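Colleague: The following block contains the structure, expressed as structure tokens.
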Amino acid sequence: MAPPFRPLLPSGWTEHRAPNGQFYYYNAATGHSTWERPATVPPPPPLGPPHMSGGIVSHSFQPMPTVIKPIPDTKWSIVFTTEGNEFYYNSETKQSVWQVPEEIADAVKSFKETEEKNAQALHDTAGVKRKANDEEQMTSEEVKRAKGGLDNAANEGTEYEDIAFQLQFMEEQERQEQLSTTGSGDSGDNDNSAVHEIGDKDSQTQIKDKEVELSSEERMLMFKSLLRDMDVSPFAMWEKELPRIIHDPRYTLIPTLKQRKELFDEYCKERVVEVRAEKINKAKDLTAKDEYLSLLEEETSHRSHWDSFRKRFKKDPRFKNFSDDKERERVFRKHIHELKEVEAERKRIQQKKAQEDFMKLLREMREIKPDSSWRKVKRLIDDDPRYVAVQSSSLREELFREYCQKLEAEDEEEMTRKENERKQRERKERYSLKNREAQVRGERRYQNYDRNAAKRKAMRVKSILAFQTLLTDLVRTHEVTWDGKKHSLEQDPRFYGEGLEDNDKERLFNEHIGEIYQKRLKSYHQLLSEHVKLDTTWIEIQPTIKEDPRAVRLSKNEALLEELFDKYLAREIENAKKEFLELLKENQFIEYRTRMVQLSENGAKDETGAEKEKVRGLTKEEIHDVLKDDNRYLVLSHMPEVRDELITEYLNNVEAPKMTVHQGRD
Amino acid sequence: MPKIRHARTKKPPEGFEDIEPTLLEFARKMKDAENEPHEGKRRVESLWPIFRLHHQRSRYVYDLYYKREAITKEVYEYCIKHGYADGNLIAKWKKPGFERLCCLRCIQPKDTNFGTTCICRVPKSKLEAGRIVECVLCGCR
Chain X
1 MAPPFRPLLP SGWTEHRAPN GQFYYYNAAT GHSTWERPAT VPPPPPLGPP HMSGGIVSHS
61 FQPMPTVIKP IPDTKWSIVF TTEGNEFYYN SETKQSVWQV PEEIADAVKS FKETEEKNAQ
121 ALHDTAGVKR KANDEEQMTS EEVKRAKGGL DNAANEGTEY EDIAFQLQFM EEQERQEQLS
181 TTGSGDSGDN DNSAVHEIGD KDSQTQIKDK EVELSSEERM LMFKSLLRDM DVSPFAMWEK
241 ELPRIIHDPR YTLIPTLKQR KELFDEYCKE RVVEVRAEKI NKAKDLTAKD EYLSLLEEET
301 SHRSHWDSFR KRFKKDPRFK NFSDDKERER VFRKHIHELK EVEAERKRIQ QKKAQEDFMK
361 LLREMREIKP DSSWRKVKRL IDDDPRYVAV QSSSLREELF REYCQKLEAE DEEEMTRKEN
421 ERKQRERKER YSLKNREAQV RGERRYQNYD RNAAKRKAMR VKSILAFQTL LTDLVRTHEV
481 TWDGKKHSLE QDPRFYGEGL EDNDKERLFN EHIGEIYQKR LKSYHQLLSE HVKLDTTWIE
541 IQPTIKEDPR AVRLSKNEAL LEELFDKYLA REIENAKKEF LELLKENQFI EYRTRMVQLS
601 ENGAKDETGA EKEKVRGLTK EEIHDVLKDD NRYLVLSHMP EVRDELITEY LNNVEAPKMT
661 VHQGRD
Chain C
1 MPKIRHARTK KPPEGFEDIE PTLLEFARKM KDAENEPHEG KRRVESLWPI FRLHHQRSRY
61 VYDLYYKREA ITKEVYEYCI KHGYADGNLI AKWKKPGFER LCCLRCIQPK DTNFGTTCIC
121 RVPKSKLEAG RIVECVLCGC R
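Those protein sequence lines, which keep their order, are chains X and C.
Quick note: the UniProt record's numbering has the first sequence finishing at residue 666, numbered continuously throughout.
Quick note: the UniProt record's numbering has the second sequence finishing at residue 141, numbered continuously throughout.
Okay, here's the thing in structure tokens:
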């Protein structure tokens, strides 16, 4: 046999040890794993039946390719393996077969002959190793031959060696085939003896592509390794894990689902034990560490040293049980470091507290002034524990100085604060006072204004009254003017009444004059009405009224009086006319008659003329007769023509037909 | 249905935490199955997923204890007591001939018209070929 072929692992492959101690190789990239060490040149992938597909798996003694020789004039190469087998590889279709393909059978034959000759030549010259191999193979072949089943082989092989090779290979193939058929069966138990029994069956009749097979035990191991690789939890459900492992080629090694399930259970059983052991180990390690730490906690302080610690506790089980010396020291140092840090922190806090206490003490001493001297103060407080707590005397003094400075600053601050407060208060007072004053002033002004207004009003009324009495006293005639009278009025103190303007005075004066004039005119009219009739003339009346005081008082001017008389007369005549017309209106007799006349005139077409005559009877004389007793008629007796005219006008106006609805219908 | 655990209930035994995720997953699935709408289903059909999950969960605990020996007796008993597994069903599985029993209803003769067990209990070899067999009780076939 050839020596084990051990090249370096190609990239991507890793070596693992299976539970049975055997090495196997796993390619993480492709997910393949194999018992056999993968070579840099990939081994020929014989194409097996579909249910075995994808498995580049073979057991550890599977042959490796040693020599690849192309067969001339074909695409095929002959490949020799470490086992001494040979197979044919088609470089174009990437197909490999154990049997000689028919298409190249002749070519192979001739090629083999030439090869043999070459090999023979090599044998003769230097092929020592080769020879040894050959001999070894020969002996093994002889053993096989002893088992029988060599009868047909003689026809095939041209050379003795070749036959031997072929036979050996065939036998192996046979066995594997047998194994696979039993493996795919239900039971799954592979009885090797049974295989050997059928082993010497005639193999030449079976022409079939076949791959190298594994024993069932190995398959099981592979399957379990698959589960292990996938890190399947022993507590997982089979159904749940199935999709994860189903794509792995190792999965198909076990033919039936039932077997797989069984294997899974078995794997879980083993795995659980392992997991438990691991857990216990870990816990043990942990407890050892805990104990060691507790020992450190109890026995060390921040001042401890490793050497002395080790010397003291060398025999202590808590010390002994934990790891090795290096680890122990590391943990020890770490622990001490932590302790030291804690200690430093504690010290710092203590110091700070002492300082604070000392400051408090100083504050409590009321007699300390900003300018106190340290020597005197020291004597006062040096028996206090807080004084002692601050250990450094210089620090104490420093703190004292600091305190003094602080006091000083505080004093100053207090002063300024007080000053500020005072100022602020004053400002506030001033401000509020000012405000109040303004308010009071405003109110007072308002009240004054009110009072003055009322006063002014009263004064005005009073002075108007005074002025009016002045006017009644001094002005007795209407024939004076303001400018003419003003001077004499000014003599009187009442003229200067308070709250009276000049135009006010003038207005009052004119009103007064007007009143007097109206009064006199009225009395003049009365005088006239006593004496005057409508036909009276100025000449007639003049002498009668000439001496009358009512006329004299109105005016001494005759022309003015005449004018007034004319005006009066004209107005009287107008009045008389109006009254006369009213009289006519009042007198319905006239209206009635006039209507009758008009109606009869309208209806004259079919009535008698006598009737017409009768209606027309109302004349001016009749009207005059009717009206003659009335005073309003008599007044106008001095101008009958005017009266007649008025009557005619009236009659004409009445003549407009005044027909009611009934009259119209009749 | 598993009992509800709260502060005052007894703590589960050690090792329970290993199988808890799977049991929770089962509980979730069971909840989903319970809440699944029954519209469009036959009357018998609505209970099938419940039976199936019940069987699976019991089987899981059974396997863990008897087959894989992955859990301790305490954990196993805790699971039985708290309803994670059906003790009665498991008791049947331990008997010969009932190793793969689907549910307890299927071996209850009183449930059937003929006073026999469910059709799913009949071995395949004894059934007529080509006949469609359906277990109405738990839908196992």
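Note that beta-carbon positions come from the ideal geometry of N, C-alpha and C, so glycine has one too.
Values in this document were obtained by computation on a predicted structure and should not be read as measured data.
Cβ atoms of Tyr650 (chain X) and Leu581 (chain X): under 8 Å apart, would you say?
Modeller: For Leu581 (chain X) and Tyr650 (chain X), yes; Cβs fall inside 8 Å.
Colleague: Beta carbon of Thr74 (chain X): closer than 7 Å to some heavy atom of the ligand ATP?
Modeller: With respect to the ligand ATP, the structure shown offers nothing to examine, as it has no ligands at all.
Colleague: Against Phe265 (chain X), what residues of chain C qualify as contacts under a CB-to-CB distance less than 9 Å, listed in chain order?
Modeller: A small correction: the amino acid at residue 265 (chain X) is Asp; Phe does not occupy that position in the sequence shown. Per Cβ cutoff of 9 Å: Asp63, Lys67, Arg68.
Colleague: If you compare alpha carbons, which of X:Asn631, X:Tyr524, X:Thr648, X:Lys578 is closest to Ile590 (chain X)?
Modeller: If we check each option's Cα against that of Ile590 (chain X), X:Thr648 comes out closest.
Colleague: Does Pro249 (chain X) get closer than 8 Å to chain D when you measure Cβ to Cβ?
Modeller: You won't find chain D in this structure, because its protein chains are X and C.
Colleague: Let's see if you can read the secondary structure: which residues bound the beta strand (DSSP E) around Val79 (chain X)?
Modeller: Element bounds for Val79 (chain X): 76-81.
Colleague: Which complete alpha helix (DSSP H) runs does the UniProt domain "FF" (284-338) of chain X hold, if anything under 4 residues is left out?
Modeller: 306-313, 317-320, all fully within the UniProt domain "FF" (284-338) of chain X.
Colleague: Does DSSP classify Phe400 (chain X) as helix, strand or coil?
Modeller: DSSP places Phe400 (chain X) in helix when its eight states are reduced to three.
Colleague: Less than 8 Å between the C-beta atoms of Ala559 (chain X) and Tyr524 (chain X), yes or no?
Modeller: Contact flag unset, no.
Colleague: Does chain C have any CB closer than 8 Å to the CB of Lys360 (chain X)?
Modeller: Output row for Lys360 (chain X): interface = no.
Colleague: If you reduce the DSSP assignment to three classes, tell me which class Tyr84 (chain C) lands in.
Modeller: In this structure, Tyr84 (chain C) counts as coil in the three-state DSSP scheme.
Colleague: Could you give the residue range of the alpha helix (DSSP H) that holds Trp48 (chain C)?
Modeller: 48-62 is the extent of the alpha helix (DSSP H) around Trp48 (chain C).
Colleague: Taking Cβ-Cβ distances below 9 Å as the criterion, which residues of the region 233-249 of chain X are in contact with chain C?
Modeller: The region 233-249 of chain X vs chain C, Cβ under 9 Å: Ser233, Pro234, Phe235, Ala236, Met237, Trp238, Glu239, Lys240.
Colleague: Alpha carbon to alpha carbon, what distance is there between Pro123 (chain C) and residue 142 (chain C)?
Modeller: Absent from the structure is residue 142 (chain C), since the part of chain C shown begins at 1 and ends at 141.
Colleague: Pick out whichever of X:Glu506, X:Asn631, X:Glu298, X:Arg219 has its Cα sitting closest to the Cα of Pro19 (chain X).
Modeller: It is X:Arg219.
Colleague: Step through the CB atoms of chain X and report whether any lies within less than 8 Å of the CB of Thr9 (chain C).
Modeller: Answer no: the Cβ-Cβ gap between Thr9 (chain C) and chain X never drops below 8 Å.
Colleague: By DSSP, does Met138 (chain X) sit in helix, in strand, or in coil?
Modeller: The pLDDT assigned to Met138 (chain X) is 49, lower than 50, so where the model puts this residue is not dependable; a value taken from the coordinates is nonetheless given after this. If DSSP states are grouped into helix, strand and coil, Met138 (chain X) belongs with the helices.
Colleague: Whose Cβ in chain X lies nearer than 7 Å to the Cβ of Tyr60 (chain C)?
Modeller: Those within 7 Å of Tyr60 (chain C) in chain X are Met237.
Colleague: Hey, out of X:Lys406, X:Glu356, X:Glu217, X:His302, whose CA is closest to Lys369 (chain X)'s CA?
Modeller: For the residues X:Lys406, X:Glu356, X:Glu217, X:His302, the minimum Cα distance to Lys369 (chain X) belongs to X:Lys406.
Colleague: Only counting the same chain, and skipping five residues up and downstream in sequence, which positions put a Cβ closer than 8 Å to that of Pro109 (chain C)?
Modeller: The residues are Gly115, Thr116, Thr117.
Colleague: Say whether the region 12-22 of chain C touches the region 75-88 of chain C, bearing in mind that this needs 3 or more beta-carbon pairs closer than 8 Å, one atom from each stretch.
Modeller: In short, these stretches touch, since the Cβ pair count reaches three.
Colleague: Would a check of beta-carbon distances place Lys269 (chain X) closer than 8 Å to chain C?
Modeller: Output row for Lys269 (chain X): interface = yes.
Colleague: At which residues does the alpha helix (DSSP H) containing Gln99 (chain X) begin and terminate?
Modeller: No alpha helix (DSSP H) contains Gln99 (chain X), which DSSP labels as neither H nor E.
Colleague: In the DSSP assignment, find the beta strand (DSSP E) that holds Tyr24 (chain X) and state where it starts and stops.
Modeller: Tyr24 (chain X) -> beta strand (DSSP E) spans 23-27.
Colleague: Taking Cβ-Cβ distances shorter than 8 Å, what residues in chain X pair up with Asp32 (chain C)?
Modeller: Here the premise fails: no neighbours, minimum Cβ distance about 16 Å.
Colleague: Let me see if you follow: with CB-CB separation under 8 Å, is Asp86 (chain C) close to chain X or not?
Modeller: Cβ-Cβ to chain X under 8 Å: no for Asp86 (chain C).
Colleague: Can you give me the start and stop residues for the beta strand (DSSP E) that Tyr89 (chain X) sits inside?
Modeller: That run of the beta strand (DSSP E) goes 86-90.
Colleague: So, for Ser463 (chain X): in the same chain, excluding its five sequence neighbours on each side, which residues have a beta-carbon less than 7 Å away from its beta-carbon?
Modeller: So the qualifying residues of the chain are Gly497, Glu498, Gly499, Leu500.
Colleague: Between the alpha carbons of Arg100 (chain C) and Lys258 (chain X), how many angstroms are there, rounded?
Modeller: If you take the alpha carbons of Arg100 (chain C) and Lys258 (chain X), they lie about 13 Å apart.
Colleague: Return the chain-ordered list of same chain residues with a C-beta closer than 8 Å to the C-beta of Leu127 (chain C), the five sequence neighbours on each side being excluded.
Modeller: Taken in chain order, the residues that qualify are Val133.
Colleague: With 8 Å as the C-beta to C-beta threshold (strictly closer), list the residues of the region 10-29 of chain C near chain X in chain order.
Modeller: Against chain X - using a Cβ distance shorter than 8 Å - the residues of the region 10-29 of chain C are Asp18, Ile19, Thr22.
Colleague: Would you kindly work out how many angstroms separate the C-alpha atoms of residue 723 (chain X) and Lys378 (chain X), rounded to a whole number?
Modeller: The requested residue 723 (chain X) is not part of the displayed model; chain X covers only 1 to 666.
Colleague: Pull up the distance between the alpha-carbon of Glu329 (chain X) and that of Trp306 (chain X), whole angstroms please.
Modeller: Cα to Cα, Glu329 (chain X) sits roughly 7 Å from Trp306 (chain X).
Colleague: Kindly say whether residue 671 (chain X), judged by its beta-carbon, lies nearer than 8 Å to any beta-carbon of chain C.
Modeller: This structure does not reach residue 671 (chain X), given that chain X is present from 1 up to 666, and the question cannot be answered.
Colleague: For a test of the three-state rule: what should DSSP assign to Ser373 (chain X), helix, strand or coil?
Modeller: Here Ser373 (chain X) sits in coil by DSSP.
Colleague: Considering only C-alpha positions, which residue in the set X:Asp371, X:Leu227, X:Asn281, X:Thr287 is nearest to Arg260 (chain X)?
Modeller: When each option's Cα is compared against that of Arg260 (chain X), the closest is X:Leu227.
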